[in-house]
């Protein structure tokens with residue numbers, strides 16, 4: 012943020028002097044960014060819906076996929092405090 | 024609430040250090056993830072997931088928080104503002120989202136560290152692409168934020184002006 016916002020305004024003024032279109036409307040890059048962001052959010056929602064909203068540590072285990080309520084091969088010794096929350100249910104037999 | 028020049032320079036330097044440091048720590052985390060996923064050495068795989076936890080708590084999370092706070096200071100303490108320019112808003116959104124996801128993801132990192140610390144645990148349980156996926160996504164997001172900060176693409180947000188009472 013070392014450059015001044017005045018650079019932006021100066022460029023706008025120069026465009027106006029040269030008869031170029033004003034950039035006061037929403038810039039194209041903003042529309043592209045917004046579209047990409049929206050697509051990513053939709054994809055994320057779809058993934059969450061397809062997985063039943065479960066997204067936790069046990070789900071990431073190769074042998075624990077889709078069975079976060081079953082006993083895992085491994086028995087974790089430590090676990091974060093938030094692990095007890097909904098959607099992050101620890102595998103049974105972990106204690 | 025514009026800052027004086029020396030303070031502004033210090034704040035900017037702090038923000039750059041925190042943000043680029045965050046990016047660098049994510050690269051280190053990505054290397055750990057790739058190593059854990061591809062290494063044939065069970066001891067190294069366990070070590071990767073064990074060291075990922077302190078890396079997350081003592082390096083990545085503090086740098087993320089510092090980046091967010093110093094970024095807010097930059098926005099509020101300079102004429103750029105927080106909601107005057109599109110690039111600043113996008114950068115703020117990226118930083119907030121990345122920080123929130125990071126804090127949620129610490130749970131997963133702790134879980135894998137717990138599995139790695141258990142001698143009876145199967146190492147194959149640790150071979151999950153989650154570290155690589157999350158670190159890769161973070162790398163893309165933070166690189167985008169860095170590019171926005173350097174290039175500062177033009178575009179002011181035109182907020183509707185409040186009507187003055189006559």
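Chains as they are written, first to last, in our numbering: chain L, 12 to 106; chain P, 24 to 189. Ideal Cβ positions, reconstructed from N, Cα and C, are used throughout, including at glycine.
Where does residue i land, buried or exposed, given buried means 16+ other C-beta within 10 angstroms?
i, result
"residue 142 of chain P", "exposed"
"residue 49 of chain L", "exposed"
"residue 98 of chain P", "buried"
"residue 68 of chain P", "buried"
"residue 177 of chain P", "buried"
Identify which residue in the options has its Cα closest to the Cα of residue i.
i, options, result
"residue 148 of chain P", "P:157, P:134, P:156", "P:134"
"residue 182 of chain P", "P:115, P:105, P:28", "P:105"
"residue 175 of chain P", "P:84, P:112, P:72", "P:112"
"residue 136 of chain P", "P:84, P:86, P:178, P:70", "P:70"
"residue 45 of chain P", "P:66, P:85, P:28", "P:85"
"residue 120 of chain P", "P:90, P:173, P:144", "P:90"
"residue 38 of chain P", "P:96, P:68, P:27", "P:96"
"residue 146 of chain P", "P:156, P:116, P:63, P:177", "P:63"
Whole angstroms is fine: what's the gap from residue i's alpha carbon to residue j's?
i, j, result
"residue 138 of chain P", "residue 92 of chain P", "33 Å"
"residue 80 of chain P", "residue 37 of chain L", "39 Å"
"residue 126 of chain P", "residue 77 of chain P", "14 Å"
"residue 25 of chain P", "residue 53 of chain L", "39 Å"
"residue 32 of chain L", "residue 166 of chain P", "Model confidence at residue 32 of chain L stands at a pLDDT of 47, short of 50, so the residue's coordinates are unreliable and nothing is read from them."
"residue 80 of chain L", "residue 47 of chain L", "Model confidence at residue 80 of chain L stands at a pLDDT of 37, short of 50, so the residue's coordinates are unreliable; what they give is reported in the following sentence. So the alpha carbons of these two residues sit roughly 35 Å apart."
"residue 103 of chain P", "residue 131 of chain P", "37 Å"
"residue 57 of chain P", "residue 40 of chain L", "33 Å"
"residue 63 of chain L", "residue 184 of chain P", "44 Å"
"residue 161 of chain P", "residue 61 of chain P", "20 Å"
"residue 75 of chain L", "residue 82 of chain P", "With a pLDDT of 49 at residue 75 of chain L, under the threshold of 50, the predicted position of this residue should be treated as unreliable, and no value is reported."
"residue 59 of chain L", "residue 45 of chain L", "21 Å"
"residue 57 of chain L", "residue 43 of chain P", "32 Å"
Where do the N-terminal and C-terminal ends of the alpha helix (DSSP H) with residue i fall, by residue?
i, result
"residue 65 of chain P", "65-78"
"residue 37 of chain L", "Per DSSP, residue 37 of chain L belongs to no alpha helix (DSSP H) and is neither H nor E."
"residue 160 of chain P", "153-174"
"residue 31 of chain P", "28-61"
"residue 110 of chain P", "109-140"
"residue 90 of chain P", "84-100"
If you measure between the beta carbons of residue i and residue j, is that distance less than 9 Å?
i, j, result
"residue 88 of chain P", "residue 36 of chain P", "no"
"residue 158 of chain P", "residue 40 of chain P", "no"
"residue 154 of chain P", "residue 51 of chain P", "no"
"residue 101 of chain P", "residue 179 of chain P", "no"
"residue 110 of chain P", "residue 171 of chain P", "yes"
"residue 59 of chain P", "residue 150 of chain P", "yes"
"residue 129 of chain P", "residue 94 of chain P", "no"
"residue 72 of chain P", "residue 55 of chain P", "yes"
"residue 114 of chain P", "residue 34 of chain P", "no"
"residue 16 of chain L", "residue 186 of chain P", "no"
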